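Here is the structure we will look at, set down as structure tokens.
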Amino acid sequence: MAYLTLKNINKIYPNGYHAVHNFNLEIEKGEFVVFVGPSGCGKSTTLRMIAGLEDISGGEFLINGKRANEMGPREREVAMVFQSYALYPQMTVYDNIAFGLTLQGVDEDVIEKRVENTARILGLTDYLDRLPRALSGGQRQRVAIGRAIIRKVGIFLMDEPLSNLDAKQRVTMRYEIAQIHRETGATTIYVTHDQTEAMTLADRIVVMKDGYVQQIGTPYELYYKPANVFVAGFIGEPPMNFVRGTVKDGCIAMGDNRLDLSRKYAGIGQYEGREIVLGFRPEAISLGETDGYSVNCRVELTEMLGDNTNVYVSAGETQAILKVDSHDTPETDVDITFSIPLEGVYLFDAETENVIE
Ligand code: ADP
Numbered sequence: 006m007a008y009l010t011l012k013n014i015n016k017i018y019p020n021g022y023h024a025v026h027n028f029n030l031e032i033e034k035g036e037f038v039v040f041v042g043p044s045g046c047g048k049s050t051t052l053r054m055i056a057g058l059e060d061i062s063g064g065e066f067l068i069n070g071k072r073a074n075e076m077g078p079r080e081r082e083v084a085m086v087f088q089s090y091a092l093y094p095q096m097t098v099y100d101n102i103a104f105g106l107t108l109q110g111v112d113e114d115v116i117e118k119r120v121e122n123t124a125r126i127l128g129l130t131d132y133l134d135r136l137p138r139a140l141s142g143g144q145r146q147r148v149a150i151g152r153a154i155i156r157k158v159g160i161f162l163m164d165e166p167l168s169n170l171d172a173k174q175r176v177t178m179r180y181e182i183a184q185i186h187r188e189t190g191a192t193t194i195y196v197t198h199d200q201t202e203a204m205t206l207a208d209r210i211v212v213m214k215d216g217y218v219q220q221i222g223t224p225y226e227l228y229y230k231p232a233n234v235f236v237a238g239f240i241g242e243p244p245m246n247f248v249r250g251t252v253k254d255g256c257i258a259m260g261d262n263r264l265d266l267s268r269k270y271a272g273i274g275q276y277e278g279r280e281i282v283l284g285f286r287p288e289a290i291s292l293g294e295t296d297g298y299s300v301n302c303r304v305e306l307t308e309m310l311g312d313n314t315n316v317y318v319s320a321g322e323t324q325a326i327l328k329v330d331s332h333d334t335p336e337t338d339v340d341i342t343f344s345i346p347l348e349g350v351y352l353f354d355a356e357t358e359n360v361i362e
């Protein structure tokens, strides 16, 4: 039996706004699940329904197979970390971390041991006497996490915990959150709009858009087997390139290039005269004429990023980004040829936007 079950969960806010539609998910004990999607897609609403901070309008939420819709947050045994650290400014790090246990009336020596252990996991041992204002943003967020994990609850919920940190701190904290999860083994649900955070942290990712789940899968599945145009474009950086066009004689045009789709999909005949979307990832190509589809294009701009370069190209109306080894960076305003191997090509129905398999 799954540890957490969300069955057809819906959220309709009192003003009538339908924020979450038929959300279905089973989470195993110890799993790290990330909800990802653009701002306003319903991630936090879903998390808050799991936390017991928001009523569930329809459907059923089960913990260990037991209906939890009506349980209060405490009964659900959840701990939540928010984007704003919400630390008590006048309390030391020690007291901030200990606060929940102190409220519960836990023995002082038990609290001391637990705080010491939590501080060790989070690298805060040397900061226990400090006030929050004497800490960096990353350290404050660690205290907030410490306050949550010290309670040893079953479910650990995090809502955009890294948003207030700068880029470097985010990378460090991401690593630390992964380590904390490894050490505590706590079932974790983590909300972010950042696909990199989702890809690096998650055992499984739930991609959402406009209140609907788009796809659920491992980072590998989402990257290599996206279910639709949205997921394909959302996961991966720079995003997947898309070529839209009408199928003519089994081919789609990209500028002057004709790509013979029957090489990729034998059933392409049924799309004759209809619009289709062809996708390929910037990093899936190789320069020159190798295998798969060869494409002639013009280099508009290059961005040297270190080991690789983003090359912005155009072929007629179509624009694309190619990721190449920086040693092979082409000149701008010249014509080049690149190749897309067939296994790097995705086809989507332009109407439904679903992948064609
Ligand atoms: P996300 O976390 O993905 O950014 P939210 O779950 O916070 O999105 O919000 C989903 C949608 O629900 C948004 O359109 C938001 O404006 C709306 N919403 C959030 N809270 C309320 C509320 N209390 N009343 C009405 N609509 C809300």
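Using the working numbering, you'd call the opening residue of the sequence shown number 6 and step up by one each time. Glycine included, each C-beta is placed from N, C-alpha and C at the ideal position. For clarity, every value in this text was computed on a predicted model and none was experimentally measured.
Check	Outcome
Mind reading off the beta-carbon distance from V350 to D208? Whole number of angstroms is fine, and I expect it under 8 Å.	Not a contact, Cβ separation roughly 28 Å.
Would you check if there are 3 or more beta carbon pairs closer than 8 Å linking the region 274-282 to the region 303-311?	no
Cα-Cα, which of Y225, D171, N169, T97 is closest to G151?	T97
Go ahead and pull the three-state DSSP assignment for M245.	coil
Is G64 close to the ligand ADP? I mean its beta-carbon at under 7 Å from any heavy atom of the ligand.	no
Going straight from the alpha carbon of N15 to that of S299, what length do you get?	47 Å
Under 7 Å Cβ to Cβ from N313, same chain only, skipping five residues before and after it: list those, please.	K328, V329, D330, S331
Between G233 and G250, what straight-line distance do the alpha-carbon atoms span, to the nearest angstrom?	The identity of residue 233 in the sequence shown is Asn, whereas the question assumes Gly. So the alpha carbons of these two residues sit roughly 17 Å apart.
Does T251 come out as helix, strand or coil in the three-state DSSP assignment?	strand
Grab the span of the beta strand (DSSP E) containing D114 for me, first residue to last.	Careful: D114 lies outside any beta strand (DSSP E), inside the alpha helix (DSSP H) at 113-127.
Taking 7 Å as the cut-off, is the C-beta of C46 nearer than that to any heavy atom in the ligand ADP?	yes
Quick one, which of F353, S319, N315, L129 has its alpha-carbon nearest D261's?	S319
Identify which residue in V248, T223, E82, I116 has its Cα closest to the Cα of V158.	E82
For S299, name the three-state secondary structure that DSSP assigns.	strand
Determine the direct distance from the alpha carbon of D114 to that of A73, and round the result to whole angstroms.	33 Å
How is the beta strand (DSSP E) around T314 delimited, first residue to last?	313-320
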